[in-house]
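**Student:** One structure follows; several queries about it will come next.
In my numbering, the protein residues as written are 8 to 375.
If you want it as structure tokens, here you go:
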């Protein structure tokens, strides 16, 4: 009973503090004639957002929506790339090759101990803005064109939604082939060789599906001072994405290293007794168990990456934070604008955490 009384007392104190803060904001805003509602969302934004067709005459709500999309673009791409790089570096830290192990160790120890704002500023000012002018662009065959205006890479033509549906169909076909090969392996003992079957199926379904729905691929080409074709990443987007990926990957690499070392030694010895090679031991025994251990920590890094994307304001990348701050500079009320900003970030964070928690529950071992 005493525990319940204590909890209710703490709840009452918290509610009283919140009520006092709300009343304080309301009274002070009323005295200074500052609106506290959300009517400002329908007012003209008064600024442009580089990289899209957003116009000054459009509403503040439309600007916030564009900032939300920009935040998702850098966060989702950063999560995927940081995971791939972090896993590779984490495995490299445990390799027997001295050169690879040392390079991975230096990478982790250097980047993990530098503040992220410093990395973002250095990559933008020292790398991206140091790229050549358009007429002197760096070119990597037909794949990449890089200059001070951005980095252009191949991209799909036609409807992007149809392209996503084609990829989903190819993924479903690949999953079906994987299930079939594993069933054959369980029934006959024949090697599954999932990769030998799944990769060609994915490529064929994706290619012919894209042909049928009218999608194609366009590559970047330099025509005078203009880059045509492909998709161009803005300098600010590219600098922020690279900074978030290399910084977060250094933390993910340590998580991977610790998770691999946490796998019971007997598991590795048993895999060796079954005559599995080093790659097979890593692929089929070590990494599946290490990922089960590492996933909750991965989720924390994903949340950090998403929230760190707000540092894009340092280099004028119009993410959610930059858009809201600019709208406040154009006479939008600060309190409701920042309140809306926090609610949106909270929703994104809870969504990422929910996906990670769901995956974590699915990967848990079923015990009696």
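Note that CB positions come from ideal geometry on N, CA and C, so glycine has one too.
Quick one: residues in its chain with C-beta nearer than 6 Å to the C-beta of residue 260, no 5 flanking neighbours on either side, listed in chain order?
**Tutor:** Around residue 260: 93, 96, 97 and 115.
**Student:** For residue 108, which residues from the same chain have a beta carbon less than 8 Å from its beta carbon, with the 5 sequence-adjacent residues on both sides left out?
**Tutor:** Excluding positions up to five away in sequence, the list reads 99, 100, 101 and 102.
**Student:** For residue 313, collect the residues of the same chain with a Cβ closer than 7 Å to its Cβ; drop the 5 residues on either side in sequence, then sort them by chain order.
**Tutor:** Counting only Cβ-Cβ distances below 7 Å, and skipping sequence neighbours, we find 82, 355, 356 and 359.
**Student:** If we require 4 or more residues per run, which alpha helix (DSSP H) segments fall completely within the region 133-214?
**Tutor:** Within the region 133-214, the complete alpha helix (DSSP H) runs of at least 4 residues are 167-195.
**Student:** By the 10 Å Cβ neighbour count, where 16 or more other Cβ atoms means buried, how is residue 326 classified, buried or exposed?
**Tutor:** Label assigned to residue 326: buried.
**Student:** So if DSSP puts residue 266 in a beta bridge, which residue, or which two residues, is it bridged to?
**Tutor:** Partner(s): none; residue 266 has no beta bridge.
**Student:** Could you check how far apart the C-beta atoms of residue 343 and residue 45 are, in whole angstroms? I think they sit under 8 Å.
**Tutor:** About 5 Å; that satisfies the 8 Å criterion.
**Student:** Hey, could you find the ends of the alpha helix (DSSP H) residue 298 is sitting in?
**Tutor:** From DSSP, the alpha helix (DSSP H) with residue 298 extends over 294-315.
**Student:** Indicate the three-state DSSP secondary structure (helix, strand or coil) for residue 223 in the structure shown.
**Tutor:** In the structure shown, residue 223 sits in a strand (DSSP, three-state: E or B).
**Student:** If residue 32 sits next to residue 339, beta carbons under 8 Å apart, how far is it from one beta carbon to the other, in whole angstroms?
**Tutor:** Contact doesn't hold; Cβ gap of about 16 Å is too wide.
**Student:** Please state whether DSSP places residue 240 in a helix, a strand or coil.
**Tutor:** Strand at residue 240.
**Student:** So, is residue 195 buried or exposed, given that buried needs 16 or more other C-beta atoms within 10 angstroms?
**Tutor:** So residue 195 ends up on the exposed side.
**Student:** Is the distance from the Cβ of residue 141 to the Cβ of residue 120 below 8 Å?
**Tutor:** Contact flag unset, no.
**Student:** I'd like the list of long-range same chain contacts for residue 124, defined as Cβ closer than 8 Å, with 5 residues on each side in sequence excluded.
**Tutor:** Answer for residue 124: 318 and 321, listed in chain order.
**Student:** Three or more beta-carbon pairs under 8 Å between the region 122-137 and the region 208-226, yes or no?
**Tutor:** Verdict: no, contact absent.
**Student:** Alpha carbon to alpha carbon, how far is residue 47 from residue 69?
**Tutor:** Approximately 12 Å, taken between the alpha carbons.
**Student:** Count the other CB atoms within 10 Å of the CB of residue 242; is the residue buried (16 or more) or exposed (fewer)?
**Tutor:** Buried is the call here.
**Student:** Between the beta-carbon of residue 159 and the beta-carbon of residue 57, is there less than 8 Å?
**Tutor:** No, these two residues do not count as a Cβ contact at 8 Å.
**Student:** According to DSSP, is residue 229 helix, strand or coil?
**Tutor:** Residue 229 falls in the strand class under three-state DSSP.
**Student:** Of all Cβ atoms in chain D, is any one closer than 8 Å to the Cβ of residue 137?
**Tutor:** No chain D is part of this structure, which consists of one protein chain only.
**Student:** For residue 187, which residues of its own chain have a beta-carbon under 6 Å away from its beta-carbon, when the five flanking residues on both sides are left out?
**Tutor:** Closer than 6 Å at the Cβ level, and outside the excluded window around residue 187, lies no residue.
**Student:** Do residue 180 and residue 152 have their C-beta atoms within less than 8 Å of each other?
**Tutor:** Against a cut-off of 8 Å, the Cβ pair of residue 152 and residue 180 comes out as no contact.
**Student:** In this structure, how does DSSP classify residue 124 when only helix, strand and coil are distinguished?
**Tutor:** Three-state DSSP puts residue 124 in a helix.
**Student:** Quick check: residue 274 and residue 308, are their CB atoms within less than 8 Å of each other?
**Tutor:** Against a cut-off of 8 Å, the Cβ pair of residue 308 and residue 274 comes out as no contact.
**Student:** Compute the minimum distance between the beta carbon of residue 343 and the heavy atoms of the ligand MN, and state whether it is under 7 Å.
**Tutor:** Summarising the ligand content, the structure contains no ligands, and the ligand MN is consequently not present.
**Student:** Per DSSP, what are the beta-bridge partners of residue 255 in this structure?
**Tutor:** In DSSP, residue 255 forms no bridge with anything.
**Student:** Quick one: what does DSSP say residue 366 is sitting in, helix, strand or coil?
**Tutor:** In the structure shown, residue 366 sits in a helix (DSSP, three-state: H, G or I).
**Student:** Does the Cβ-Cβ distance between residue 300 and residue 266 come in under 8 Å?
**Tutor:** Contact flag set, yes.
**Student:** Three-state secondary structure (DSSP) at residue 60?
**Tutor:** Three-state result, residue 60: coil.
**Student:** Looking at the structure shown, is residue 343 part of a helix, part of a strand, or coil, going by DSSP?
**Tutor:** Helix.
**Student:** Can you give me the C-alpha to C-alpha distance between residue 139 and residue 164, rounded to a whole angstrom?
**Tutor:** Between residue 139 and residue 164, the C-alpha separation is close to 28 Å.
**Student:** Verify whether the separation of the beta carbon atoms of residue 237 and residue 225 is less than 8 Å.
**Tutor:** For residue 237 and residue 225, yes; Cβs fall inside 8 Å.
**Student:** Let me know the secondary structure DSSP gives residue 37 once reduced to three states.
**Tutor:** Note: residue 37 maps to helix in three-state DSSP.
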